[in-house]
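Asks: Counting along the sequence shown from 1, when you hit position 358 you're at 468 in the working numbering, and nothing is skipped either side.
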Amino acid sequence: MWGWGGSNTKTKARASNSFPAARASISRAKHHTRSEQIQSYINDPKLRQSTRKISNDPNDATFDTVFLTKDHATLCLRVFVPRSVNTNAVSVDFCPAPIMTLIGVRAAHPWLDNRMRVTGFQPILTDDHWNQSNLILGQAVCSVVEHLQLHPPTITEFTDEDLASQNNPFLNGAQPPPYTSVASVSKAHAESEEYHIPFAFPAVPDSFKELESLTGEEMRAMIFDDAAIVNFFASNEKYSTHTDLQKQIEENNLKSAEKTLAQKDDILALNAEVSLLQEKLKGKIAEYEPLERRYAELSEPPSKKSILKKLNQARREASVESDNVAEKLISDEVTVDEYVKDFMEKRTLYHDRAAKMERLQHS
Numbered sequence: 111m112w113g114w115g116g117s118n119t120k121t122k123a124r125a126s127n128s129f130p131a132a133r134a135s136i137s138r139a140k141h142h143t144r145s146e147q148i149q150s151y152i153n154d155p156k157l158r159q160s161t162r163k164i165s166n167d168p169n170d171a172t173f174d175t176v177f178l179t180k181d182h183a184t185l186c187l188r189v190f191v192p193r194s195v196n197t198n199a200v201s202v203d204f205c206p207a208p209i210m211t212l213i214g215v216r217a218a219h220p221w222l223d224n225r226m227r228v229t230g231f232q233p234i235l236t237d238d239h240w241n242q243s244n245l246i247l248g249q250a251v252c253s254v255v256e257h258l259q260l261h262p263p264t265i266t267e268f269t270d271e272d273l274a275s276q277n278n279p280f281l282n283g284a285q286p287p288p289y290t291s292v293a294s295v296s297k298a299h300a301e302s303e304e305y306h307i308p309f310a311f312p313a314v315p316d317s318f319k320e321l322e323s324l325t326g327e328e329m330r331a332m333i334f335d336d337a338a339i340v341n342f343f344a345s346n347e348k349y350s351t352h353t354d355l356q357k358q359i360e361e362n363n364l365k366s367a368e369k370t371l372a373q374k375d376d377i378l379a380l381n382a383e384v385s386l387l388q389e390k391l392k393g394k395i396a397e398y399e400p401l402e403r404r405y406a407e408l409s410e411p412p413s414k415k416s417i418l419k420k421l422n423q424a425r426r427e428a429s430v431e432s433d434n435v436a437e438k439l440i441s442d443e444v445t446v447d448e449y450v451k452d453f454m455e456k457r458t459l460y461h462d463r464a465a466k467m468e469r470l471q472h473s
């Protein structure tokens, strides 16, 4: 399921089907219970290695499956298996349709809505579709994962830093990361965010009495109707408290923005001053750098090669000067005594430098 390194004609052929895994042999003898559906998911040979339950709550049935697309992007599909509503019209064994959502990312794909919820896979659109399909959950998740693998969504943004960090090194057909490295896609990040919230948000209630009279189909229809959701919760005390907190945050943000705008002139003046100092600093650095290089050259001990070169040049100069003294004698420009004095000085200097060269060469 995870490999994209080689050619797989069977996989390519299956990519043209709407629901690849759904083409497997499906039992139509009876509907599967919720427990059987979950077991088929977590024990699926293709999914179990990269699937983990996100909560230790035994009553919660929310799972994350990490997978790698053919474009080498690491994504995470969250699957929630809701409990059945026990009414006269619904059997206890009835399993509502699972809810699948791509988390930690914003992307565009025909199968995803603007909330990143999977709505393009027909068998999970409604409870009736789900039970009429006779699919088991493992096959359904496999179908969605394989479709997103073969037809990757166009990713616009990774909203989770942990998941974003997983999408750098997996190139050239690499295997997906171990689940433990991305299991905190929402949990760890949410905890770190929650720690800094300065408001006492109301706790999420364990149950909603207003929902007990609704059927599963009515509740599912309400999920897709934003206006119905707003009207339903408008009379809820928890919702009102949350709305009041939201207004309080907006008012505080407005006050903070007005305070910042009041300091705009001071900030701009300070910014201009800093910019001027930066330009002066650049000029000083430009003057300092050549002086620093010159200082390093002067402070560095001369090499043996450079000393020999200078000694040889000085030896030649002394030889030329002694020859010039001899020419002056021939042309009667100097007396014999002056010649002897100057010539001895120049030749002595010549031999002294030649001796130093010889000694340095053999040191």
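Cβ coordinates follow ideal geometry from the N, Cα and C atoms, glycine included.
For the 8 Å Cβ check, are there 3 or more pairs between the region 246 to 259 and the region 207 to 223?
Replies: With a cut-off of 8 Å, the region 207 to 223 and the region 246 to 259 count as touching, because enough Cβ pairs lie within range.
Asks: Let's see if you can read the secondary structure: which residues bound the beta strand (DSSP E) around Leu178?
Replies: Unbroken beta strand (DSSP E) run through Leu178: Thr172 to Leu178.
Asks: In whole angstroms, what separates the C-alpha of Ile148 from that of Glu347?
Replies: Distance between the alpha carbons of Ile148 and Glu347: 35 Å.
Asks: Following the continuous beta strand (DSSP E) through Glu267, name the residue where it begins and the one where it ends.
Replies: Its beta strand (DSSP E) spans residues Thr264 to Phe268.
Asks: If I follow the unbroken beta strand (DSSP E) through Leu187, where does it start and stop?
Replies: Looking at the DSSP string, the run of the beta strand (DSSP E) that includes Leu187 is Thr184 to Phe190.
Asks: Since I believe Lys456 is in contact with Glu437 (beta carbons under 8 Å), could you give me their beta-carbon distance rounded to a whole number of angstroms?
Replies: That belief does not hold up - the Cβ atoms of Glu437 and Lys456 are roughly 12 Å apart, past 8 Å.
Asks: Is the region 313 to 332 close to the region 234 to 245, with three or more CB pairs under 8 Å?
Replies: Contact holds: three or more Cβ-Cβ distances are below 8 Å.
Asks: Return the residue from the list Val251, Ala218 and Arg227 that minimises the CA-CA distance to Pro263.
Replies: Measuring from the Cα of Pro263, the nearest candidate turns out to be Ala218.
Asks: Go through its chain and collect everything with a Cβ distance to Ser275's Cβ below 8 Å, but skip five positions before and after it.
Replies: Cβ within range, chain order: n/a, list empty.
Asks: Go ahead and pull the three-state DSSP assignment for Ser323.
Replies: Looking at Ser323 - three-state DSSP - the assignment turns out to be coil, as it is neither helix nor strand.
Asks: Give me, in chain order, the residues of the same chain whose beta-carbon lies closer than 6 Å to that of Ser150; leave out the 5 immediate sequence neighbours on both sides.
Replies: Correct list, in chain order: Ile246, Leu247 and Gly248.
Asks: Where does Pro400 land, buried or exposed, given buried means 16+ other C-beta within 10 angstroms?
Replies: Pro400 should be labelled exposed.
Asks: Quick test of your reading: His141 and Asn241, contact by CB under 8 Å. State the CB separation rounded to the nearest angstrom.
Replies: Correct: roughly 6 Å between the Cβ atoms.
Asks: Quick check on Lys392: does DSSP put it in helix, strand or coil?
Replies: Of the three classes helix, strand and coil, the one that applies to Lys392 here is helix, per DSSP.
Asks: Leaving out the 5 sequence neighbours to the left and right, which residues in its chain are closer than 7 Å to Val435 when beta-carbon positions are compared?
Replies: So the qualifying residues of the chain are Tyr449, Asp452, Phe453 and Lys456.
Asks: Please go through the same chain and pick out, in chain order, the residues whose beta-carbon is closer than 8 Å to the beta-carbon of Leu470, but skip the five residues on each side of it.
Replies: Answer for Leu470: Lys414, Ile417, Leu418 and Leu421, listed in chain order.
Asks: Hey, quick one: how far does the alpha helix (DSSP H) through Arg144 stretch, first residue to last?
Replies: Arg144 to Ile152 is the span of the alpha helix (DSSP H), which, as asked, contains Arg144.
Asks: Could you tell me if Val340 is buried or exposed, where buried requires 16 or more neighbouring beta carbons within 10 angstroms of its beta carbon?
Replies: The residue in question, Val340, is exposed, as its Cβ has fewer than 16 Cβ neighbours within 10 Å.
Asks: Rounded to a whole number of angstroms, what is the C-alpha to C-alpha distance between Lys394 and Glu383?
Replies: So the two alpha carbons sit approximately 17 Å from each other.
Asks: So is Thr458 buried or exposed if we call it buried at 16+ other beta carbons inside 10 Å?
Replies: Its Cβ having fewer than 16 others within 10 Å, Thr458 is exposed.
Asks: Considering only residues of the same chain and omitting the five flanking positions on each side of Phe343, which have a CB-CB separation below 6 Å?
Replies: Closer than 6 Å at the Cβ level, and outside the excluded window around Phe343, lie Tyr349.
Asks: In this structure, does DSSP put Glu468 in helix, strand or coil?
Replies: The answer is helix: DSSP assigns Glu468 an H, G or I state.
Asks: Report the CB separation of Pro482 from Ser194 in whole angstroms; it is logged as a contact under 8 Å.
Replies: Outside the shown range of the chain (111 to 473) lies residue 482, about which nothing can therefore be said.
Asks: Can you tell which of Gly214, Lys365, Glu320 and Ser409 has the C-alpha that lies nearest to the C-alpha of Phe268?
Replies: Nearest of Gly214, Lys365, Glu320 and Ser409 to Phe268, Cα basis: Gly214.
Asks: How should Arg403 be labelled, buried or exposed, when 16 other C-beta atoms within 10 angstroms of its C-beta is the threshold for buried?
Replies: Exposed.
Asks: CB-CB under 6 Å to Glu441, same chain, minus the five flanking residues each way: which ones, in chain order?
Replies: Here residue 441 is Ser; the residue named in the question, Glu, does not match the sequence. Counting only Cβ-Cβ distances below 6 Å, and skipping sequence neighbours, we find nothing.
Asks: Quick one: is Ser477 buried, meaning 16 or more other Cβ sit within 10 Å of its Cβ, or exposed?
Replies: An answer regarding residue 477 cannot be provided, because it is not within the stretch 111 to 473 covered by the chain.
Asks: Look at the Cβ atom of Met210, then the Cβ atom of Val191, and state whether they are nearer than 7 Å.
Replies: Going by C-beta atoms, Met210 is not nearer than 7 Å to Val191.
Asks: Do you know offhand how far Pro412's Cα is from Gln423's?
Replies: Answer to the nearest angstrom: the Cα atoms are 16 Å apart.
Asks: Considering just the uninterrupted stretch of the beta strand (DSSP E) at Lys156, what are its terminal residues?
Replies: Element bounds for Lys156: n/a, residue is neither H nor E.
Asks: Which two residues bound the contiguous alpha helix (DSSP H) that contains Val255?
Replies: It spans Leu247 to Leu260 - the alpha helix (DSSP H) in which Val255 sits, taken as one unbroken run.
Asks: In angstroms with no decimal places, state the Cα-to-Cα distance between Tyr398 and Leu355.
Replies: Looking at the two C-alpha atoms, the distance is approximately 57 Å.
Asks: Using DSSP with H/G/I as helix, E/B as strand and the rest coil, what is Leu401?
Replies: Three-state DSSP puts Leu401 in a helix.
Asks: Under 8 Å by Cβ, that's how I've got Ile152 and Arg144 pegged, so tell me the actual separation to the nearest angstrom.
Replies: About 13 Å; that fails the 8 Å criterion.
Asks: Which of helix, strand or coil does DSSP assign to Cys205?
Replies: The answer is coil: DSSP assigns Cys205 none of H, G, I, E or B.
Asks: My output table needs one value for Met454: the three-state DSSP class, helix, strand or coil.
Replies: The answer is helix: DSSP assigns Met454 an H, G or I state.
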